[in-house]
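**Student:** Residue numbers (the working numbering), protein chains in the order written: chain A, 1 to 170; chain B, 1001 to 1200.
In this text, a Cβ means the ideal position worked out from N, Cα and C, and glycines have one as well.
Just so it is clear, the structure is predicted and the values come from calculations on it, not from any experiment.
Here it is: the structure, laid out below.
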Amino acid sequence: MEAEIATTAAAAILAGLKKSGIDFVATLPDEKMLELIRAVERDTELKHVPLCREEEGVGICAGAYLAGKKAAIIMQNAGFLNSCNALTTTSLQFQIPLLMLIYYAGDIGDRGFTTLGAVTEPVLQAMGFRSYILRKRDEIDEILRGAQILADDSKRPVAVLLTKSALGVK
Amino acid sequence: MMQRFDYLKAIADDAGDALAVCTGWGAREWWAVRPGDANLKTRTLGLVSSIAAGLAIALPHRKVLAIDGDGAFLMNLCGLPTIALQSPGNLIHLLFDNEVYEASGGTSTASRQSDAVAIAAGAGYKHALWVQSPKEFHFEFTRAWKRNELTLIAAKVRPGQPANLPALKLDEIENKYRFMRHLEASEQKSILNPGFDSKI
Chain A
1 MEAEIATTAA
11 AAILAGLKKS
21 GIDFVATLPD
31 EKMLELIRAV
41 ERDTELKHVP
51 LCREEEGVGI
61 CAGAYLAGKK
71 AAIIMQNAGF
81 LNSCNALTTT
91 SLQFQIPLLM
101 LIYYAGDIGD
111 RGFTTLGAVT
121 EPVLQAMGFR
131 SYILRKRDEI
141 DEILRGAQIL
151 ADDSKRPVAV
161 LLTKSALGVK
Chain B
1001 MMQRFDYLKA
1011 IADDAGDALA
1021 VCTGWGAREW
1031 WAVRPGDANL
1041 KTRTLGLVSS
1051 IAAGLAIALP
1061 HRKVLAIDGD
1071 GAFLMNLCGL
1081 PTIALQSPGN
1091 LIHLLFDNEV
1101 YEASGGTSTA
1111 SRQSDAVAIA
1121 AGAGYKHALW
1131 VQSPKEFHFE
1141 FTRAWKRNEL
1151 TLIAAKVRPG
1161 QPANLPALKL
1171 DEIENKYRFM
1181 RHLEASEQKS
1191 ILNPGFDSKI
């Protein structure tokens, strides 16, 4: 039952990405996003690029964007912190949009990552990235589409923080 | 030992309309030998290969050159297996190893103790090789171009640039727009539209 909820949530997020026009996805997993990454891996329409470190993903997505792709990166908040230089000196400096789906480790109720959780929103804010927390599964389409429009229009990265409830995991 | 500029000169006439992603001083030199809007100068140390790979994956029919230096290459070693896994055959990765952080004043990198070609081969590049002269570089470059399989061509070079290189007058934004408009024209597709004209 639990696994089924996560699979359904993953399918809904993937569908939401596609409806937003995303056709290129770079990923580095978190256990909580297992089903989502698997869904991206299995999908035959999206170009999927698995990463070794998130910062190179910012570069790969930037290159893909320049060539006409709509790119998203899926990573944990630790990976977001890993990417801050690239997000500044590539994404912001060249005005390149990027939809960032960031698993919010250390979010309220999430054990073991409170240090990471505590710095996530302040760092997003300090970098000037607009960010939205996705908690309810019935908001997936609206938030993903809205965030992608914001990213594309403002030519900046925009963050969607994925929570356990949105991902259907405990 | 020759300088990076000698090597770049040797391939400029055969680079056609390849997209070229450059870093550091190499950018100014490449623009001098192959000017135009198919060139992009990166700013994040290390990301030249990743940005070039993103372009190459998105445009598989188009040749893409990553013009890399040892400082940038070492900064982004984890990007190499990612590129090798995708293995874009249209990407030619050129590495000029002068064993110093040239753009930051010339202090040593760790490259004198490591073998970039072995690293790339170990990461899974189909082809990775050292060349010893601009002539050999040109030969391997045209070979990689025709073979259309992921290749790293590396050369040890002496630091320094020719005198009187013209300054690059583009900032990142102008560089990006010109690069994207050039891609739109040459690929005959629409890429960059203002928000009010967007389709989603």
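Does the Cβ of P157 of chain A have 16 or more other Cβ atoms within 10 Å, making it buried, or fewer, making it exposed?
**Tutor:** Residue 157 of chain A sits at position 157 when you count from the first residue of the first sequence. Buried.
**Student:** Can you tell me which of the three DSSP states H48 of chain A falls into?
**Tutor:** Within the first sequence, residue 48 of chain A is the residue found at index 48, counting from 1. H48 of chain A falls in the strand class under three-state DSSP.
**Student:** Where in the stretch 38-109 of chain A do unbroken runs of the alpha helix (DSSP H), each at least 4 residues long, occur, reported from the N-terminal end onward?
**Tutor:** Within the stretch 38-109 of chain A, the complete alpha helix (DSSP H) runs of at least 4 residues are 54-66 and 77-82.
**Student:** For a cutoff of 8 angstroms on Cβ pairs, would you count E45 of chain A as touching chain B?
**Tutor:** Looking up residue 45 of chain A in the first sequence gives position 45. Not one chain B Cβ lies under 8 angstroms of E45 of chain A.
**Student:** From the DSSP output, in three-state form, read off G1069 of chain B for me.
**Tutor:** Within the second sequence, the letter at position 69 stands for residue 1069 of chain B. The answer is strand: DSSP assigns G1069 of chain B an E or B state.
**Student:** Applying a beta-carbon distance threshold of less than 7 angstroms, which residues of chain B neighbour T7 of chain A?
**Tutor:** Position 7 of the first sequence, counting from 1, holds the residue named residue 7 of chain A. In chain order: nothing, as chain B lies at least about 26 angstroms away.
**Student:** Starting from the C-beta of L134 of chain A, find all residues in its chain whose C-beta is less than 6 angstroms away, skip the five residues before and the five after it, and write them out in chain order.
**Tutor:** Your numbering for residue 134 of chain A matches position 134 in the first sequence. For L134 of chain A, where only same-chain residues beyond five positions count, the Cβ hits under 6 angstroms are I143, V160, L162 and A166.
**Student:** Drop a sphere of 10 angstroms on the beta-carbon of D138 of chain A, count the other beta-carbons inside from all chains shown, and report buried for 16 or more, exposed for fewer.
**Tutor:** Residue 138 of chain A sits at position 138 when you count from the first residue of the first sequence. Counting Cβ neighbours within 10 Å, D138 of chain A comes out exposed, since fewer than 16 surround it.
**Student:** Taking buried to mean at least 16 other C-beta atoms within 10 Å of its own C-beta, is T8 of chain A buried or exposed?
**Tutor:** Position 8 of the first sequence holds residue 8 of chain A. Exposed, because fewer than 16 other Cβ atoms sit within 10 Å of the Cβ of T8 of chain A.
**Student:** Using a Cβ cut-off of 8 angstroms (strictly closer), state whether I60 of chain A contacts chain B.
**Tutor:** Counted from its first residue, the first sequence places residue 60 of chain A at position 60. Closer than 8 angstroms to some Cβ of chain B, the Cβ of I60 of chain A qualifies, so yes.
**Student:** Nearest to D1068 of chain B by CA position, among B:E1174, B:A1154, B:E1184 and B:I1083, is which residue?
**Tutor:** Indexing the second sequence from 1 puts residue 1068 of chain B at position 68. Nearest of B:E1174, B:A1154, B:E1184 and B:I1083 to D1068 of chain B, Cα basis: B:A1154.
**Student:** Taking only beta-carbon positions, decide if F94 of chain A is within less than 8 angstroms of chain B.
**Tutor:** To locate residue 94 of chain A, count along the first sequence from 1; it is residue 94. Interface residue, yes.
**Student:** Check for me: the beta strand (DSSP E) holding F1096 of chain B runs from which residue to which?
**Tutor:** Residue numbering aside, residue 1096 of chain B sits at position 96 when the second sequence is read from its first letter. That run of the beta strand (DSSP E) goes L1091 to D1097.
**Student:** Could you tell me whether the Cβ of K1176 of chain B comes closer than 8 angstroms to any Cβ of chain A?
**Tutor:** Here residue 1176 of chain B refers to the residue found at position 176 of the second sequence. Yes, because at least one Cβ of chain A sits closer than 8 angstroms to the Cβ of K1176 of chain B.
**Student:** Can the beta-carbon of T1082 of chain B be found less than 8 angstroms from the beta-carbon of E56 of chain A?
**Tutor:** One-based indexing of the second sequence puts residue 1082 of chain B at position 82. One-based indexing of the first sequence puts residue 56 of chain A at position 56. Contact flag set, yes.
**Student:** If we define contact as Cβ-Cβ less than 8 angstroms, is R53 of chain A a contact residue for chain B?
**Tutor:** Taking the first sequence and counting its residues from 1, the one referred to as residue 53 of chain A is at position 53. Interface residue, yes.
**Student:** Count the other C-beta atoms from every protein chain shown that fall within 10 angstroms of the C-beta of D1017 of chain B, then say buried if there are 16 or more, exposed otherwise.
**Tutor:** Locating residue 1017 of chain B in the second sequence gives position 17, where the first residue counts as 1. Looking at its Cβ environment, which holds fewer than 16 other Cβ atoms inside 10 Å, D1017 of chain B is exposed.
**Student:** What three-state label does DSSP hand P1088 of chain B in the structure shown?
**Tutor:** Position 88 of the second sequence holds residue 1088 of chain B. Looking at P1088 of chain B - three-state DSSP - the assignment turns out to be coil, as it is neither helix nor strand.
**Student:** Checking contacts by CB at 8 angstroms: is F24 of chain A closer than that to chain B?
**Tutor:** The sequence position of residue 24 of chain A within the first sequence is 24, counting from 1. Yes, contact with chain B.
**Student:** Quick one: is Q1086 of chain B near chain A, going by C-beta distance under 8 angstroms?
**Tutor:** In the second sequence, residue 1086 of chain B corresponds to position 86, counting from 1. Under the 8 angstroms criterion on CB atoms, Q1086 of chain B is classed as interfacial with respect to chain A.
**Student:** Between P50 of chain A and chain B, is the shortest Cβ-Cβ distance under 8 angstroms, so that the two count as touching?
**Tutor:** Here the question's residue 50 of chain A lines up with position 50 in the first sequence. Yes, its Cβ sits closer than 8 angstroms to a Cβ of chain B.
**Student:** Report buried or exposed for N1193 of chain B, applying the criterion of at least 16 other Cβ atoms within 10 angstroms of its Cβ.
**Tutor:** Residue numbering aside, residue 1193 of chain B sits at position 193 when the second sequence is read from its first letter. The residue in question, N1193 of chain B, is exposed, as its Cβ has fewer than 16 Cβ neighbours within 10 Å.
**Student:** Which of the three DSSP states is assigned to R1112 of chain B in this structure?
**Tutor:** Here residue 1112 of chain B refers to the residue found at position 112 when the second sequence is read from its first residue. Of the three classes helix, strand and coil, the one that applies to R1112 of chain B here is helix, per DSSP.
**Student:** Could you tell me the distance, in whole angstroms, from the CA atom of A1163 of chain B to the CA atom of L1074 of chain B?
**Tutor:** Numbered from 1 along the second sequence, position 163 holds the residue referred to as residue 1163 of chain B. Numbered from 1 along the second sequence, position 74 holds the residue referred to as residue 1074 of chain B. In a straight line, the C-alpha of A1163 of chain B is about 28 angstroms away from that of L1074 of chain B.
**Student:** Take every Cβ of the stretch 1057-1066 of chain B, pair it with every Cβ of the stretch 62-70 of chain A, and state whether three or more of those distances are shorter than 8 angstroms.
**Tutor:** yes
**Student:** Does DSSP classify R156 of chain A as helix, strand or coil?
**Tutor:** Position 156 of the first sequence holds residue 156 of chain A. Three-state DSSP puts R156 of chain A in coil, outside helix and strand.
**Student:** Rounding to the nearest angstrom, what Cα-Cα distance links Q979 of chain B and K1009 of chain B in this structure?
**Tutor:** The structure shown does not extend to residue 979 of chain B, since chain B spans only 1001 to 1200, so no value can be given for it.
**Student:** Can you tell me where the beta strand (DSSP E) holding H1127 of chain B begins and where it ends?
**Tutor:** Stepping through the second sequence from its first residue, residue 1127 of chain B is reached at position 127. Note, H1127 of chain B: beta strand (DSSP E), H1127 to V1131.
**Student:** Report the neighbours of T89 of chain A on chain B: residues whose CB is nearer than 7 angstroms to its CB, in chain order.
**Tutor:** Stepping through the first sequence from its first residue, residue 89 of chain A is reached at position 89. Ordered by position in chain B, the residues that pass the 7 angstroms Cβ test against T89 of chain A are R1043 and T1044.
**Student:** Can you pull the chain A neighbours of L1152 of chain B, defined as C-beta to C-beta under 7 angstroms?
**Tutor:** In the second sequence, the residue the question calls residue 1152 of chain B occupies position 152. Those do not exist, as L1152 of chain B stays about 16 angstroms from chain A at its closest Cβ, beyond 7 angstroms.
**Student:** Within a Cβ cutoff of 7 angstroms, which residues of the same chain sit near A1053 of chain B, ignoring the five residues on either side of it in sequence?
**Tutor:** Position 53 of the second sequence, counted from the start, is the residue given in the question as residue 1053 of chain B. Closer than 7 angstroms at Cβ, skipping near neighbours: I1083, Q1086, P1088 and L1091.
**Student:** From what residue to what residue does the beta strand (DSSP E) around L1045 of chain B run?
**Tutor:** By 1-based counting over the second sequence, the position of residue 1045 of chain B is 45. First-last for L1045 of chain B: undefined, no H or E at that position.
**Student:** Pull up the distance between the alpha-carbon of A1072 of chain B and that of E31 of chain A, whole angstroms please.
**Tutor:** Position 72 of the second sequence, counting from 1, holds the residue named residue 1072 of chain B. Position 31 of the first sequence, counting from 1, holds the residue named residue 31 of chain A. Cα-Cα distance, rounded: 31 angstroms.
**Student:** Who are the Cβ neighbours of L28 of chain A in its own chain at under 6 angstroms, not counting the five residues just before and after it?
**Tutor:** Start at 1 with the first residue of the first sequence, and residue 28 of chain A comes out as number 28. These residues qualify, in order along the chain: L51, E54, M75 and G79.
**Student:** In whole angstroms, what is the alpha-carbon distance linking L1168 of chain B and N1175 of chain B?
**Tutor:** As a working note, residue 1168 of chain B is residue 168 in the second sequence. As a working note, residue 1175 of chain B is residue 175 in the second sequence. In this structure, the alpha-carbon of L1168 of chain B lies about 10 angstroms from that of N1175 of chain B.
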